[in-house]
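Participant:
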Amino acid sequence: NAGVTQTPKFQVLKTGQSMTLQCAQDMNHNSMYWYRQDPGMGLRLIYYSASEGTTDKGEVPNGYNVSRLNKREFSLRLESAAPSQTSVYFCASRESGNMYNEQFFGPGTRLTVL
Amino acid sequence: GDSVTQMEGPVTLSEEAFLTINCTYTATGYPSLFWYVQYPGEGLQLLLKATKADDKGSNKGFEATYRKETTSFHLEKGSVQVSDSAVYFCALRFSGGYQKVTFGTGTKLQVIP
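As given, the protein sequences belong to chains H and D, one line each in that order. So the first sequence is numbered by the working numbering: it starts at 110 and just counts up by one. So the second sequence is numbered by the working numbering: it starts at 5 and just counts up by one.
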């Protein structure tokens, strides 16, 4: 049981390049989330998916797109990377059946945009 | 809007010292409250939680009590260890909707031998 896995762990991009961050969970959770973590700002929600086939914007969606490929996988795409997107990105998942259920986080992807 | 305010770090303590990390929140209604811990190079892990007023969450020697009257959820531990060195995040969440979690900015704790 690996929990939430993310790839890659590290990535360096040049401004304007595109890339996709991958996330997968093996806990059969319905809900999945993408956050970014910046110094002094805590975690901010980029997008979330309440269930397979649905996605919605969070607090900071501009410059990102997501795909809920199936119940296990939720990817985050940067179409044209900008230096402001340098951050650590965390994926999380949660079983939505009980309102007290916690979110489980992946280990993160550290992205640098030059 | 909802917000969480934590004490600024870093907090540096000697091993076996008493720890308090303050957390207060602003929210309409009664959210669930959480403390998450992030060890170096890892994702966040749930440390403890409380879902209603006067609940006490506890785990691994850490405790926090949901205080509605002061809108606070301070984290405490009686005797810290070097292995407790990490960043601690206070967070709140309402039920319903997509269960949005609002995080504080995090407090870095360094415990020295």
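Virtual Cβ for every residue (Gly too), placed ideally from N, Cα, C.
#1: Assuming contact is defined by CB atoms lying nearer than 7 Å, are glutamate 161/H and arginine 177/H in contact in what I supplied?
#2: Does DSSP classify glutamine 85/D as helix, strand or coil?
#3: Against chain H, with Cβ distances strictly below 7 Å, would phenylalanine 22/D count as a contact?
#4: Would you list, in chain order, the members of the stretch 193-215 of chain H that have their beta-carbon closer than 9 Å to a beta-carbon of chain D?
#5: Counting along the chain, where does the beta strand (DSSP E) carrying phenylalanine 93/D start and finish?
#6: Any idea which residues DSSP pairs serine 196/H with across the strands?
#7: Just to confirm the assignment, what range does the beta strand (DSSP E) spanning asparagine 174/H have?
#8: Between threonine 111/D and chain H, is there a C-beta pair that is closer than 7 Å?
#9: Residue ranges of each beta strand (DSSP E) run of no fewer than 3 residues wholly in the stretch 115-155 of chain H, ordered along the chain?
#10: Determine which residues share a DSSP beta bridge with arginine 203/H and list them.
#11: According to DSSP, is alanine 68/D part of a helix, a strand, or is it coil?
#12: Which partner residues of aspartate 165/H appear in the DSSP bridge assignment?
#13: Between Leu23/D, Phe22/D, Tyr40/D, Gly33/D, which has its C-alpha nearest lysine 72/D's C-alpha?
#14: Does the distance from the CB of serine 196/H to the CB of arginine 145/H come in under 7 Å?
#15: Could you tell me whether the Cβ of glycine 151/H comes closer than 7 Å to any Cβ of chain D?
Facilitator: Straight from the coordinates:
#1: Your numbering for residue 161/H matches position 52 in the first sequence. Your numbering for residue 177/H matches position 68 in the first sequence. Yes. Within cutoff.
#2: Numbered from its first residue, the second sequence carries residue 85/D at position 81. The three-state reading of DSSP puts glutamine 85/D in coil, since its state is none of H, G, I, E or B.
#3: Counted from its first residue, the second sequence places residue 22/D at position 18. Chain H, which has no Cβ nearer than 7 Å to the Cβ of phenylalanine 22/D, makes this no.
#4: For the stretch 193-215 of chain H, which is checked against every Cβ of chain D, the residues closer than 9 Å are Phe199, Cys200, Ala201, Arg203, Ser205, Met208, Tyr209, Asn210, Glu211, Gln212, Phe213, Phe214, Gly215.
#5: As a working mapping, residue 93/D is identified with position 89 in the second sequence. 90-97 is the span of the beta strand (DSSP E), which, as asked, contains phenylalanine 93/D.
#6: One-based indexing of the first sequence puts residue 196/H at position 87. In DSSP, serine 196/H forms a bridge with Leu220/H.
#7: Working through the first sequence from its first residue, we reach residue 174/H at position 65. In the DSSP assignment, asparagine 174/H falls within the unbroken beta strand (DSSP E) covering 173-177.
#8: For the purposes of this step, residue 111/D is taken as residue 107 along the second sequence, with counting starting at 1. Under the 7 Å criterion on CB atoms, threonine 111/D is classed as non-interfacial with respect to chain H.
#9: Listed in chain order, the beta strand (DSSP E) runs fully inside the stretch 115-155 of chain H are 119-122, 128-134, 140-146, counting runs of at least 3 residues.
#10: Position 94 of the first sequence, counting from 1, holds the residue named residue 203/H. When beta bridges are read from the DSSP output, arginine 203/H appears opposite Ser140/H.
#11: Working through the second sequence from its first residue, we reach residue 68/D at position 64. In this structure, alanine 68/D counts as strand in the three-state DSSP scheme.
#12: Translated into positions along the first sequence, residue 165/H becomes position 56. Tyr157/H.
#13: As a working note, residue 72/D is residue 68 in the second sequence. Answer by Cα proximity: Gly33/D.
#14: Counted from its first residue, the first sequence places residue 196/H at position 87. Counted from its first residue, the first sequence places residue 145/H at position 36. Closer than 7 Å, so yes.
#15: Your numbering for residue 151/H matches position 42 in the first sequence. Among the residues facing chain D, glycine 151/H is included, as its CB has a counterpart in that chain under 7 Å away.
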